[in-house]
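For the sequence shown, the numbering used here begins at 7 and goes up steadily by one. Quick reminder that beta carbons are idealized off the backbone N, C-alpha and C, glycines included. Below is one structure, written out as structure tokens; the observations come after it.
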Amino acid sequence: MIHPTADVSPHAQIGERTRIWHEAQVRERARVGADCILGKGVYIGEDVVVGDRCKIENRASLFHGVTLEDGVFIGPHAVFANDRFPRAVNPDGSLKTDEDWTVERSLVQHGASVGAGAVVLPGVRIGAWAMVGAGSVVTADVPEQAIVRGNPARIAGWACVCGRPLRRAGSRMYHCDRCDRPFHLPDIAE
Numbered sequence: 007m008i009h010p011t012a013d014v015s016p017h018a019q020i021g022e023r024t025r026i027w028h029e030a031q032v033r034e035r036a037r038v039g040a041d042c043i044l045g046k047g048v049y050i051g052e053d054v055v056v057g058d059r060c061k062i063e064n065r066a067s068l069f070h071g072v073t074l075e076d077g078v079f080i081g082p083h084a085v086f087a088n089d090r091f092p093r094a095v096n097p098d099g100s101l102k103t104d105e106d107w108t109v110e111r112s113l114v115q116h117g118a119s120v121g122a123g124a125v126v127l128p129g130v131r132i133g134a135w136a137m138v139g140a141g142s143v144v145t146a147d148v149p150e151q152a153i154v155r156g157n158p159a160r161i162a163g164w165a166c167v168c169g170r171p172l173r174r175a176g177s178r179m180y181h182c183d184r185c186d187r188p189f190h191l192p193d194i195a196e
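Listed below in structure tokens is the structure:
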């Protein structure tokens, strides 16, 4: 389903049962998987890859260089930048073109969530099942299952695959009180 007000390039690939809502734009060579939801005003830049079963909320912007693996959630108004040194013009005053910069790639791994209004800087990897808090500015890689928040985003805890915070249950052992799952997290969780 593609809403009549959406602008989807004929050179984009859209998976089965994906829904694209009002005023969304999907650019050339973008690949959006099956069973996804792209909310109102979502922007998917050229060559962006979105896995299966992803949900991208209203007004989120994913610029060239972003890859989402399967099952990723992107909150409303979240932004993925792709240029650490942006300028509109070159030193000689000429307008910059695609040839005047190098795109930096960002990856959001399986099941991760990026909260409303978060900003993800270029070249960042967000690990599987990680959770980025609303309004955070992500300047560095986020480990798997980490909960990060703030500006710059810092580790504030660890998340279960159900999305709830984990509680410590011993040395490198964590437990989810909501779904009763145990987790053994890597040394970085110390």
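| Item | Value |
| --- | --- |
| Go through its chain and collect everything with a Cβ distance to G129's Cβ below 7 Å, but skip five positions before and after it. | E110, R111, S112 |
| Taking 8 Å as the cut-off, does the stretch 55-65 touch the stretch 80-89 (at least 3 CB pairs, one atom from each stretch)? | yes |
| Less than 6 Å between C-beta atoms, sequence neighbours within five positions excluded: which residues of the same chain meet that for W27? | H9, G45, K46 |
| Between L4 and I43, is the Cβ-Cβ spacing less than 9 Å? | There is no way to answer for residue 4, as the model of the chain reaches only from 7 to 196. |
| Would you list the one or two residues that DSSP bridges to W164? | A152 |
| Pick helix, strand or coil for D13, following the three-state DSSP scheme. | strand |
| Should R90 be labelled buried (16 or more other beta-carbon atoms within 10 Å of its own) or exposed? | exposed |
| Measuring CA to CA, which of M179, W164, M137 is closest to L172? | W164 |
| Have a look at L127 and P158 and give me their C-alpha separation to the nearest angstrom. | 10 Å |
| In the DSSP assignment, find the beta strand (DSSP E) that holds T73 and state where it starts and stops. | 72-74 |
| Could you tell me the alpha carbon to alpha carbon distance between T108 and L191, rounded to whole angstroms? | 35 Å |
| Count the other CB atoms, across all protein chains shown, that sit within 10 Å of the CB of S100; report buried if there are 16 or more and exposed otherwise. | exposed |
| Hey, how far is the Cα of G139 from the Cα of R160? | 10 Å |
| Report the residue from R23, E52, A124 whose alpha carbon sits nearest the alpha carbon of V32. | E52 |
| Going by beta carbon distance, what residues of the same chain come within less than 8 Å of A94, once the five residues before and after it are set aside? | L101, K102 |
| Kindly indicate the opening and closing residues of the beta strand (DSSP E) around A87. | First-last for A87: undefined, no H or E at that position. |
| Between which two residues does the beta strand (DSSP E) carrying A175 extend? | 173-176 |
| Tell me which same chain residues have a C-beta within less than 6 Å of the C-beta of G121, skipping the five on either side of it? | G81, V138, G139, A140 |
| In chain order, what residues of the same chain have a beta carbon less than 8 Å from the beta carbon of G39, not counting five sequence neighbours either side? | G21, T24, V56, G57, D58, R59, C60, D76 |
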